Amino acid sequence: MYKIVEKDQIAPNTHLVTVEAPLVVHRARPGQFVIVMVDERSERIPYTLSGWNKEDGTITFVFNEVGRSTRKLVDCREGDSIYSVVGPLGVPLETGKVGTVVCAGGC
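Residue numbers for the sequence shown follow the working numbering, beginning at 50 and rising by one.
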């Protein structure tokens with residue numbers, strides 16, 4: 050189980066979640082994602098990592114509420130646990146040694 054340490058609505062139908070996932074955070078790289086199951090009967094949903102903190106052992110992802118499984122995640126509160134977090138998955142983005150890289154988007 051993976052404890053939710055922060056959960057905020059950051060825009061209409063858009064939420065930020067930070068979860069304790071120490072085994073994931075130590076291998077996390079830019080461009081990777083995790084597969085999340087809120088409970089044992091939920092869908093497996095991929096979420097791009099939007100941040101992580103190796104000192105705290107936490108990962109952060111942002112998602113839109115679009116269906117039943119994302120609604121289950123919206124209904125979770127800080128202190129609740131998520132059933133499964135698998136990852137990090139995917140090929141990391143290699144930026145080389147160019148300094149600070151910023152990726153921005155809008156909704």
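A virtual CB, placed ideally from N, CA and C, is assigned to each residue, including glycine. Keep in mind the model is a prediction, meaning the values are calculated, not measured.
Span of the beta strand (DSSP E) around Thr107: In the DSSP assignment, Thr107 falls within the beta strand (DSSP E) that extends over Thr107 to Asn113.
Where are the beta strand (DSSP E) runs, 3 residues long or more, that stay fully inside the segment 78-138, in chain order? Runs of the beta strand (DSSP E) spanning 3 or more residues and lying entirely within the segment 78-138 occur at 82-86, 94-102, 107-113 and 133-138, in chain order.
Evaluate the contact criterion for the segment 133-152 versus the segment 79-97: three or more CB pairs, one atom per stretch, below 8 Å. Yes, they touch.
Leu72 (DSSP reduced to helix, strand or coil): Leu72 falls in the helix class under three-state DSSP.
Beta-carbon separation of Met50 and Ile108 under 9 Å? No; because the gap between Cβ atoms is not below 9 Å, this pair is not in contact.
Let me check understanding here. Comparing Cα to Cα, which of Val135, Thr67, Ser99 and Val66 lies closest to Cys152? Looking from the CA of Cys152, the closest CA among Val135, Thr67, Ser99 and Val66 belongs to Ser99.
The beta strand (DSSP E) with Val140 in it runs from where to where? Careful: Val140 lies outside any beta strand (DSSP E) and carries neither H nor E.
Give every residue of the same chain whose Cβ lies closer than 6 Å to the Cβ of Gln58, excluding the five residues on either side of it in the sequence, and list them in chain order. Apart from the 5 residues on each side of it in sequence, Gln58 sits with its Cβ closer than 6 Å to the Cβ of His64 in its chain, given in chain order.
Can you grab the Cα-Cα spacing for the pair His75 / Glu104, in whole Å? Rounded to whole angstroms, His75 to Glu104 spans 9 Å at the Cα level.
When we look at the beta-carbon of Lys146 and count the other beta-carbons within 10 Å, is it buried (16 or more) or exposed? Under this definition Lys146 is an exposed residue.
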